Amino acid sequence: MEQVRLDQARAVLEEAKALLADEMDIGFVLTNLFYAFYYPMLAVMNEGQVPTTMQSITIALFDQQFIKAGIFRQEYADAVHRVFTLKPKCSGEKTPVSADEVNKLLALARDFIADAEEHCT
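This note's numbering puts the first residue of the sequence shown at 23, with every later residue one more than the last.
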């Protein structure tokens, strides 16, 4: 199951990059970017048998069990919290975010996926 989640993360990260390159609505980019962070969290938590429920609870549990323990870098937690607040909550919602910030988040998502994969092997 962990590998499936990591594959999903890579796929949505590539989709986010493509959407950004095609200058599509930033909300679509952010939603994909959120899942590029979320799926590796699920992979890592599933491996450790940490229960996952709602997204906000999953993020809080990940922070508690993996960030505070020093297993993953704090900047990953900061990034996932930022993307979680940025991603549209409903269709058509406008999100004020710069392309520079999105590109930084894309790079962090790529690194997080790689680190999560290393952790799961």
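All C-beta atoms, glycine included, are put in the ideal place defined by N, C-alpha and C. On a predicted model such as this, the values are computed, not experimentally measured, just so you know.
The three-state reading of DSSP puts Arg27 in helix, counting H, G and I together. The C-alpha of Ala40 lies about 10 Å from the C-alpha of Asn54.
Assigned with DSSP and collapsed to three states, Glu45 falls in coil, not helix or strand. The count of Cβ pairs closer than 8 Å, one atom from the region 26–46 and one from the region 90–101, stays below three, leaving the stretches out of contact.
When the five nearest sequence neighbours on each side are left out, the beta carbons in the same chain lying within less than 7 Å of the beta carbon of Glu37 are those of Asn54, in order along the chain. Val119 carries a coil assignment under DSSP once its states are collapsed to helix, strand and coil. It is roughly 21 Å from the alpha-carbon of Phe88 to the alpha-carbon of Arg32.
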